[in-house]
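Under this note's numbering, the first residue of the sequence shown carries the number 37, and numbering increases by one thereafter.
Input: a single structure, listed below in structure tokens.
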Amino acid sequence: MKPTKRIILGISGASGGLYARRTLQLLLEAGVETHLVISPAGQRVLHDELGVEGADVASICGDDRQARAANVIVHHYRDVGAPIASGSLAHDGMVIVPCSLNSLASVANGLAGNLLHRAAAVALKERRRLVLVVRETPLSLVDIRNMERATEAGAIVCPANPAFYMLPRTVMDVVDSVVGRVLDLLGVEHQLAVRWGQVRDEAMEGEE
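What follows is the structure in structure tokens.
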């Protein structure tokens, strides 16, 4: 399948490995060329929450067949010479999911000491879409001001807040309510039934 889009997927060290896994799965299902970069803390989260060892696409996806057919380029966190560190690489957007408060602070304050933060800084300077799926609570005033700075710089702060008005029945329903919004922000087509009036109507029909 010829890639329809090119998206950078960053995974940093906040709880939310399921959000990262589901985002990657759906990017691959959509035929998106995906550039993947994982911070050491993000790798720890994947290990602790999903049992993933290393930056193995099959383990992250949970599906070896999908991984073999996928168009995924994995970049080392410290490789600041990777293509995604340059504005000359055209892409359709970047998402950090989950986005730690450390990554939020780095993006908000223009710090680019590793590939993940460098790619985010490049997305901002090139006026490309950057989505930060912050997954932390409560928030300090420092965090709130960093969200403000990131937003003023052009990023979209998209907290991992599930929509319970969709009447989720499983954990994956909750995950999908967040990931579906993220994919919408990136302009990636998906078949998740996560929009108001869609899932709710289906759920109510099932109760009859």
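Glycine is no exception: its CB is placed at the ideal position from the N, C-alpha and C atoms.
Quick check on DSSP: helix, strand or coil for residue i?
i: T70; result: strand
i: H83; result: helix
i: H153; result: helix
i: V110; result: strand
i: V193; result: strand
i: N182; result: helix
i: L222; result: helix
i: M227; result: Correcting the residue identity first, residue 227 is Gln in this sequence and not Met. Three-state result, Q227: coil.
i: T59; result: helix
i: V88; result: coil
i: P119; result: helix
From residue i to residue j, what does the alpha carbon distance come to, in whole angstroms?
i: H83; j: E89; result: 6 Å
i: L160; j: Q227; result: 29 Å
i: V93; j: N182; result: 31 Å
i: D212; j: A77; result: 23 Å
i: G98; j: G53; result: 12 Å
i: G87; j: Y55; result: 15 Å
i: S95; j: Q79; result: 12 Å
i: P204; j: P174; result: 24 Å
i: T70; j: D209; result: 24 Å
i: I180; j: L137; result: 10 Å
i: Y201; j: G233; result: 10 Å
i: G123; j: A156; result: 10 Å
i: V81; j: I109; result: 20 Å
i: V36; j: E85; result: Here the chain has residues from 37 to 244 only, and residue 36 is not among them.
Are the Cβ atoms of residue i and residue j separated by less than 8 Å?
i: A141; j: R171; result: no
i: C194; j: V230; result: no
i: V68; j: V224; result: yes
i: R58; j: V215; result: yes
i: A199; j: R154; result: no
i: S48; j: S139; result: yes
i: L151; j: H112; result: yes
i: S75; j: P134; result: no
Where DSSP assigns a beta bridge to residue i, which residues make up the other side?
i: R42; result: E69
i: C135; result: V170
i: M130; result: I44 and L166
Taking CB distances under 8 Å as the criterion, tell me whether residue i reaches chain C.
i: E225; result: Protein chains in the displayed structure number just one, and chain C is not present.
_Taking contact to mean 3 or more Cβ pairs, one atom from each stretch, closer than 8 Å, check whether the segment 57–65 and the segment 209–223 are in contact._
yes
*asked:* Quick check: the segment 175–191 against the segment 137–151, are at least 3 beta-carbon pairs closer than 8 Å?
replied: yes
*Three-pair Cβ contact test at 8 Å for the segment 162–177 versus the segment 188–197*: yes
*At a cut of 8 Å, does the segment 118–132 reach the segment 42–49 through at least three beta carbon pairs?*
yes
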